[in-house]
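**Student:** Sharing a structure here in structure tokens format.
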Amino acid sequence: MHRGHVVATCLDIQNAFNCLRHDYIIKTLVSLGTSEYLVSFIRSYLENQSVTTEFGVHGASIALQVGVPQGSRLGPLIFTACITRLIESLRTIEGVDCVVTAYADDLTIILSGPTRKHIRALWARVKKRLNKWCEVSGLSIDMEKSSCLSPRKPPHFSLKGKVLRRSKTVRVLGVHLDQRMNFRFHVKKTCETAIQRLGRLRRLGVERAALSSRGILATYEKSIVPYISYSVQSWQEALKEEWCQKLLSKVTAFAARMATKAPRRAANSAVIALSGLTPPHLVLAGLAARAEAREHQRISLRGFLNDGGTPELRITEGWHLHPLAPWDGGLNIVIQTTEAATAFACLAPSNRAIFTDGSLTSSVHAGAAIAVYSDGDEIFREDYRLPDHCTISQCEMVALERADKQSGAR
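Position 350 of the sequence shown, counting from 1, maps to 1260 under this note's numbering, and the rest follow consecutively.
Written out as structure tokens, the structure reads:
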């Protein structure tokens, strides 16, 4: 791509499924090498359609020459085959630096060149192919819904005698692009929608259905994270910016507050750490890295088991995140021998104290314990086993959570 001028034109095909000509469909299928039997079958499928109108005792019927049935399985496939011919035609224009993407009836054409004059000449060649395709297919471009976007002032693009509207933001395959190309608008729009969805979850799931804290966090991870991480690979550079991290943290903190019932004035970072969630910009950066690894490397099961896999893809099933962020100071955890830990624990009964312990036992099972003493007497004790994949820090954190509840109760 050139560094001079870049213009993205987003075109909407007007009434696409209802106006596609049947003769163009058959011609396209034949050019794609479709078998005679299948072409005859589709021709019969298309030609045996009619529209009937009745008014009192009068009625009229007309055979349809255009359109593919919407809602059918064959309709979208036929339309995709026809628009693919347009995309191939645009990409093969000699001397034109052009990127074309299409989804259903939305078409995006990105042109680049050193000067505005060069861009205008490129658009003239693209427009010629586009007008020709519209003429033979029976389709047209909806100028009201179409627009163009450019970081700089673009030349005026016209189509069918109308000037293409210039827009500050456009949406391409679900990603919002703005003039500055920093994805700030996309992140802001996505986070606002995510918070609205969490608000509905609070009203319906928490207040009415009494959804538990674990259910809230599970809903966030299974529903909200996939939504805010949509196409993160294309805008992952924005994750390094402070403004992006703050916007994403608001979403995670909203879910964390519902789960922990923390007050509104509590800091977002503190609430996220308390809930055990990982800061969202780190989660999204990991998802982007995995997507890139999947694109550039094919991993076999044998290679993965023989340490031939990509480190980013090695995920332990059922792994739980540490409640405190590992990049912060966190807890002052000291790993001691059994004898040293026992000696330290014996000091607890001498005064008012709460003793906690998080360990991996000799059987490699993770466990945690809490003992509460008052004036030398043990008034509460709890031992419990945790999943094998827990870390010592996680065991200690669980014990501290129990201790915090005991301290608040007394």
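Just so it is clear, CB atoms sit at the ideal spot from N, CA and C, and this is done for glycine as well.
None of the values given here were measured: they were computed from a predicted structure.
Take alanine 926 and list the residues in its own chain whose beta-carbon comes closer than 7 Å to its own, dropping the five residues that flank it on each side.
**Tutor:** Answer for alanine 926: Phe989, Asp1015, Leu1049, listed in chain order.
**Student:** Would threonine 1079 and phenylalanine 1095 be called neighbours here (beta carbons separated by less than 8 Å)?
**Tutor:** Their beta carbons are under 8 Å apart, which means threonine 1079 touches phenylalanine 1095 by this criterion.
**Student:** In angstroms with no decimal places, state the Cα-to-Cα distance between alanine 1235 and threonine 1188.
**Tutor:** Below a pLDDT of 50, predicted positions are generally treated as unreliable, and alanine 1235, at 44, falls in that range; no measurement from the model is reported.
**Student:** If serine 1022 and histidine 915 are in contact, beta carbons under 8 Å, what's the gap, nearest whole angstrom?
**Tutor:** With 8 Å as the limit, serine 1022 and histidine 915 qualify as a contact, their Cβ atoms being about 7 Å apart.
**Student:** So if DSSP puts isoleucine 1051 in a beta bridge, which residue, or which two residues, is it bridged to?
**Tutor:** Ile923.
**Student:** Which full runs of the alpha helix (DSSP H) of 4+ residues lie inside the stretch 1024-1088, going along the chain?
**Tutor:** Here the runs fully enclosed are 1026-1047.
**Student:** Mind checking whether serine 1324 and alanine 973 have CB atoms under 8 Å apart?
**Tutor:** Residue 1324 lies beyond the stretch modelled for the chain, which goes from 911 to 1320, so this question has no answer here.
**Student:** From the DSSP output, in three-state form, read off alanine 1309 for me.
**Tutor:** Three-state result, alanine 1309: helix.
**Student:** In the stretch 952-992, which residue ranges form an unbroken alpha helix (DSSP H) of at least 4 residues, counting only runs that do not cross its ends?
**Tutor:** Within the stretch 952-992, no complete alpha helix (DSSP H) run reaches 4 residues.
**Student:** Check the DSSP bridge columns for alanine 1163 and list the partner residues they point to.
**Tutor:** Partner(s): none; alanine 1163 has no beta bridge.
**Student:** Give me the Cβ distance between leucine 1108 and isoleucine 1134, rounded to the nearest whole Å; I'm assuming they're in contact under 8 Å.
**Tutor:** Their Cβ separation, rounded to whole angstroms, is 7 Å, which keeps leucine 1108 and isoleucine 1134 in contact under 8 Å.
**Student:** Out of Thr1129, Val1009, Ser1047, Thr1011, point me to the one whose CA is closest to asparagine 928's CA.
**Tutor:** Comparing Cα-Cα distances from asparagine 928 to each of Thr1129, Val1009, Ser1047, Thr1011, the minimum goes to Ser1047.
**Student:** Over what stretch of residues does the alpha helix (DSSP H) that includes threonine 938 continue unbroken?
**Tutor:** Residues 932-941.
**Student:** Applying the criterion that 16 or more other CB atoms from any shown protein chain within 10 Å of the CB defines a buried residue, is isoleucine 923 buried or exposed?
**Tutor:** Under this definition isoleucine 923 is a buried residue.
**Student:** Go ahead and label aspartate 1314 buried or exposed: buried means 16 or more other beta carbons lie within 10 angstroms of its beta carbon, across all protein chains shown.
**Tutor:** Classification for aspartate 1314: exposed.
**Student:** In the DSSP assignment, find the unbroken beta strand (DSSP E) run with valine 1010 in it and report its ends.
**Tutor:** It spans 1008-1013 - the beta strand (DSSP E) in which valine 1010 sits, taken as one unbroken run.
**Student:** Within 10 angstroms of its Cβ, does glutamine 1146 collect 16 or more other Cβ (buried), or is it exposed?
**Tutor:** When all chains shown are included, glutamine 1146 counts as buried.
**Student:** Apply the 10 Å Cβ neighbour rule to leucine 1074 and answer buried if 16 or more other Cβ atoms are within range, or exposed otherwise.
**Tutor:** That one is buried.
**Student:** Would you identify the three-state DSSP class for arginine 1174, choosing helix, strand or coil?
**Tutor:** Coil at arginine 1174, not helix or strand.
**Student:** When the Cα atoms are used, what is the spatial distance from alanine 1163 to leucine 1197?
**Tutor:** Cα-Cα distance, rounded: 20 Å.
**Student:** Is arginine 1124 closer than 8 Å to methionine 1168 when the C-beta atoms are compared?
**Tutor:** Contact flag unset, no.
**Student:** With which residues is isoleucine 1126 paired in a DSSP beta bridge?
**Tutor:** Partner(s): none; isoleucine 1126 has no beta bridge.
**Student:** Going by beta-carbon coordinates alone, are glycine 985 and valine 978 separated by less than 8 Å?
**Tutor:** Yes; because the gap between Cβ atoms is below 8 Å, this pair is in contact.
**Student:** Applying the 10 Å Cβ sphere with the 16-neighbour rule, what's the burial state of tryptophan 1153?
**Tutor:** Tryptophan 1153 is exposed by the Cβ-count criterion.
**Student:** Comparing C-alpha positions only, which one of Ile952, Trp1043, Glu1249 sits nearest to arginine 983?
**Tutor:** Among Ile952, Trp1043, Glu1249, the Cα nearest to that of arginine 983 is on Ile952.
**Student:** If arginine 1090 and proline 1065 are in contact, beta carbons under 8 Å, what's the gap, nearest whole angstrom?
**Tutor:** No, arginine 1090 and proline 1065 are not in contact; Cβ-Cβ is about 20 Å, not under 8 Å.
**Student:** Taking the alpha helix (DSSP H) that phenylalanine 1095 belongs to, which residues open and close that run?
**Tutor:** Counting along the chain, the alpha helix (DSSP H) containing phenylalanine 1095 begins and ends at 1094-1111.
**Student:** What's the call for valine 967, buried or exposed, on a 16-neighbour Cβ count within 10 Å?
**Tutor:** Exposed, because fewer than 16 other Cβ atoms sit within 10 Å of the Cβ of valine 967.
**Student:** DSSP three-state label for serine 999, please.
**Tutor:** Note: serine 999 maps to helix in three-state DSSP.
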